[in-house]
């Protein structure tokens, strides 16, 4: 079922949908036969909501596929993450909330260390402090070539976002980063004729950048990879007729939400209660709310099982604030799994709960991986959750007579 | 898996498949935590059959999509209802069992009320009695334009089916019905060059129709919408090698079955027992039987929870008559859900049971929405049921060596 098919069936309604995403929610037991992070958490509010909900396990990208944050989020937002891929460079620019134009070509940049022969000795320039990286970025910002503008945005440590704006720039480009040391950086090649000018501009930029950095140690060179334009993504207001708001602290999630036409709200702090306060303050103004909790993923990636349990318990304690707003539809899920046992994102399906007055509730009074495996949503693509939510919100009309 | 792939694996067998469809079978509880219509029904025969069957929940069109009767039926018959859409006009003509030719263009017609300035005052002409509509249809049947024939078939009250037959008629046409009052009917426009002659014919027809009706009150005008030819659908005998029979009382279901190459049997009455008698009388003559029970949907759409329960109980009481015929495969399902709580078709998955000697029975001795959610068929597209039934009937050979 493609998005344009769904779009044609959308009708207006006075209903509100709240989507609570705990990043990397899905987990694994610490030992065989044990409980996952979510199953371990003492979460009476989530359990009570589960009893009135339909449960299932969502697959963000495909069976066995571990999603990055970009594809994981596109999927929970209803987009096929294989069809609508966001290139690495574009994602990096979104992450620093750079307002990418439709023709801009972005890349992920690294400061690196080069020896006297120009061979790479450290691809990350010894992970220079963020302040050092920021100062070096200032130097790169002095570069202008012909009618092309370059925007360089610091990210963290040795990383920066690189954006190129000008006429006739394609994004079918090879990478300069050889992904190993002891060899020189590669020149960029165009992979189609439309990208030849862009290749030439990038190579000239790198030449000038390396000369501007020549007196620096250890960050005396740059590497660029993941050249990409923004994909053309139909937006929430267009596709679903939703005034959508995003509540997230981290840049990348804010950037992806903005790309989909969501209003990205200012959160008055970085804590989870700050995000719930933001939700309350804007409840009247939108039809759809995406609230993103990053801390579950952070704990999972650190291998901090009990830390992840604590974050889930904190969210559980805040859930009544969301429910008091009386949303018509509530989704609680994750963008992927990040089991503490693996210290990384993983391919495991994601526990998902969908509540509305019109849902056929499973009566399973527990929100956990194995509880969700018994739910009536079954094991389903994550992108199917949004259409089901829209149906429960009275926002899809009948197909055919 | 497309139908041509399946077709190539079909082998003959001396087996019989019975598909019992309770229209709008899926339901919802009347109050949170309660039972659905099907769960409420005292249905010992269905429960006993469920114990020997594989259970599941079927999705007719896609997640969150509420199917009309046309798409819902195409899906349970094994066709992707998005790929094989039946236009509204063609469905209306099928509904009155008009034998649509492959090039005929059909539309849904309404008698309407026009004021002296030609503005619509009532799109349904006060829902004139069916007999009045039938008399007015006679007037329209006098119209002939050039080499084009017009067939007008009364449906009910102010509604009629409009069919146009002649050379060079396309169906890419806009609608005349503006879907509101206080404005004139729209002229028809062709949406491609192949449909220009058809647009001209329709506009001339409407002019002549309105002048023939000028002295009538309140039905002094006509509106036409949903122009469509029949889709090209591969038939049951071709696709599956099945001699298929349809047992249904209502025109639309009979029409769709005929379109798929099923033999539409004459039922000696309008009751459900009459339909089971018809099944018994023709048991020797066909390989596949579709038996359609409309009353579940009618009760659901009325919001009559207990009425729907009663219909299910009536069907349950008749089920032994079907089972005594010893079908090799039995499917019990619906074409969509129609919960009494919503008084309408809905998007909820449909409880489905598949029995055969070779099925891997779930041993769940209950036929209901939540029982089916635990079944081994899982949550699956409705169109996947027919291939599973054919396999259980020994009618699909191995794929590959």
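Protein chains in written order, with the numbering used here: chain G, 2 to 402; chain W, 2 to 402.
C-beta atoms are modelled at their ideal positions from N, C-alpha and C, and glycine is treated no differently.
Any C-beta of chain G under 8 Å from that of residue i
i	result
residue 98 (chain W)	no
residue 58 (chain W)	yes
residue 370 (chain W)	yes
residue 335 (chain W)	no
residue 343 (chain W)	yes
residue 349 (chain W)	yes
residue 366 (chain W)	no
residue 106 (chain W)	no
residue 256 (chain W)	no
residue 159 (chain W)	no
residue 374 (chain W)	yes
residue 29 (chain W)	yes
residue 175 (chain W)	no
residue 301 (chain W)	no
residue 66 (chain W)	yes
residue 392 (chain W)	no
residue 77 (chain W)	no
residue 62 (chain W)	yes
residue 389 (chain W)	no
Exposure of residue i, with buried meaning 16 or more beta-carbon neighbours within 10 Å
i	result
residue 195 (chain G)	exposed
residue 120 (chain W)	exposed
residue 159 (chain W)	buried
residue 3 (chain W)	exposed
residue 43 (chain W)	exposed
residue 396 (chain W)	buried
residue 344 (chain W)	exposed
residue 285 (chain W)	exposed
residue 342 (chain W)	buried
residue 8 (chain W)	exposed
residue 216 (chain G)	exposed
residue 79 (chain W)	buried
residue 6 (chain W)	exposed
residue 384 (chain W)	buried
residue 230 (chain W)	buried
residue 361 (chain G)	buried
residue 272 (chain W)	exposed
residue 340 (chain W)	buried
Where the beta strand (DSSP E) through residue i begins and ends
i	result
residue 123 (chain G)	121–123
residue 166 (chain G)	160–166
residue 23 (chain W)	18–23
residue 226 (chain W)	222–229
residue 150 (chain G)	150–157
residue 382 (chain G)	379–382
residue 106 (chain W)	106–115
residue 248 (chain W)	245–248
Any C-beta of chain W under 8 Å from that of residue i
i	result
residue 4 (chain G)	no
residue 285 (chain G)	no
residue 363 (chain G)	yes
residue 379 (chain G)	yes
residue 200 (chain G)	no
residue 17 (chain G)	no
First through last residue of the alpha helix (DSSP H) which encompasses residue i
i	result
residue 310 (chain W)	306–324
residue 133 (chain G)	131–141
residue 74 (chain W)	70–77
residue 203 (chain W)	197–213
Residue of the options minimising C-alpha distance to residue i
i	options	result
residue 302 (chain G)	G:357, G:368, G:28 and G:163	G:28
residue 150 (chain W)	W:384, W:239 and W:205	W:205
residue 202 (chain W)	W:234, W:253 and W:144	W:144
residue 379 (chain G)	G:228, G:352 and G:324	G:352
residue 157 (chain W)	W:136, W:165 and W:172	W:136
residue 106 (chain G)	G:224, G:24 and G:91	G:91
residue 292 (chain G)	G:5, G:104, G:309 and G:279	G:279
residue 357 (chain W)	W:240, W:391 and W:125	W:391
residue 22 (chain W)	W:254, W:270 and W:300	W:254
DSSP bridge partner residues for residue i (one or two, in chain order)
i	result
residue 56 (chain G)	G:354
residue 293 (chain G)	G:22
residue 331 (chain G)	G:19 and G:356
residue 185 (chain G)	G:120
Beta carbon proximity, residue i to chain B, threshold 8 Å
i	result
residue 252 (chain W)	In the structure shown, chain B does not exist; the protein chains are G and W.
Any non-hydrogen atom of the ligand MG closer than 7 Å to residue i Cβ
i	result
residue 87 (chain G)	The model depicted lacks the ligand MG and carries no ligand whatsoever.
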